[in-house]
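Visitor:
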Amino acid sequence: MVNNLEIVFDSNEWEDSYNEPLDGVSKEYKFDLIIHSRKTNERIPVVLLKGSNENKMKKVKEFIDMVPKNKFKRKIAIYSGVVGPEIKETVLKYGMKLYKKIIMNEGNMAKIIKIPGAQFFDGYDKEIEKGYEKIERREKIFIVREILQLLKNNDDVNITRIIYKCNLNYRYAMKLLETLIEKGIVDYIEYKNGVKYRITREGMKYLEDVQRLYGI
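Each residue of the sequence shown is one higher than the last, beginning at 42 in the numbering used here.
1) Report buried or exposed for Y232, applying the criterion of at least 16 other Cβ atoms within 10 angstroms of its Cβ.
2) Could you tell me the alpha carbon to alpha carbon distance between E243 and G225, rounded to whole angstroms?
3) Could you give the DSSP three-state label for F29: helix, strand or coil?
4) Could you pull out every residue in the same chain whose Cβ sits closer than 8 Å to the Cβ of Y211, ignoring the five residues on either side in sequence?
5) In whole angstroms, what is the alpha-carbon distance linking I133 and I76?
6) Whose C-beta lies closer than 6 Å to the C-beta of C207 among residues of the same chain, with five residues either side of it excluded?
7) Whose C-alpha, out of K102, R253 and T241, is nearest the C-alpha of T131?
8) Quick one: residues in its chain with C-beta nearer than 7 Å to the C-beta of E54, no 5 flanking neighbours on either side, listed in chain order?
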């Protein structure tokens, strides 16, 4: 899932690592962060931008100078504060996407990777060199959106597929589905080999409202 503020990766399919060299790029250049595909050879380099716009532009130019434009299919910049129009124009021409944070979904938990600021969080937090990651509970509304989007795009989905596609455990998935059924947002059909779920007309309206209100 992607919007103009964050990009979400499923930890079943992606993992992250820091300060790692990559083939085809000078070993003198250490990437701030790499997002690895667990299933393919895709690597997504991430540059972390903080400080003044001058410092951010310097970091962007260093990245562009050291990393060939067509070396990677996707490139990401995570930034703090605001970025000026020159930076936006530069990264757009280079084919890089700008986000405030990266979210690594891990079941009903999520690891949040963003730039450190003046405020630090309590709880399961960990500062990692130039980056910052935080483990927090995924907001329920976003999980519900994922489930409803899956049901909208597919006819009669079983619990196994919901668990896998939305990265949930069985108990939590069933609890959410029971709530959605009670509200008339989701319906179910019993087959000989199990139960399958589908989105209702009311659920379609609810999904549209969620997407409009939250911009997701």
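Using N, Cα and C, we set each Cβ at its ideal position, and we do this for glycine too.
Guide: This is what the structure holds:
1) If you number the sequence shown from 1, residue 232 lands on position 191. Y232 comes out exposed.
2) In the sequence shown, the residue the question calls residue 243 occupies position 202. In the sequence shown, the residue the question calls residue 225 occupies position 184. When rounded, the distance between both Cα atoms is 7 Å.
3) Because residue 29 is not part of the residues shown, which for the chain are 42 to 257, the question remains open.
4) As a first step, residue 211 must be located in the sequence shown, where it is residue number 170. Cβ neighbours of Y211 beyond the five flanking positions: I200 and I204.
5) Working through the sequence shown from its first residue, we reach residue 133 at position 92. Working through the sequence shown from its first residue, we reach residue 76 at position 35. Correcting the residue identity first, residue 133 is Leu in this sequence and not Ile. L133 and I76: Cα-Cα distance of roughly 20 Å.
6) In the sequence shown, residue 207 corresponds to position 166, counting from 1. Here the set comprises E187 and I188.
7) Your numbering for residue 131 matches position 90 in the sequence shown. Selected option, being the one with the closest Cα: K102.
8) One-based indexing of the sequence shown puts residue 54 at position 13. Cβ within range, chain order: S78, R79 and K80.
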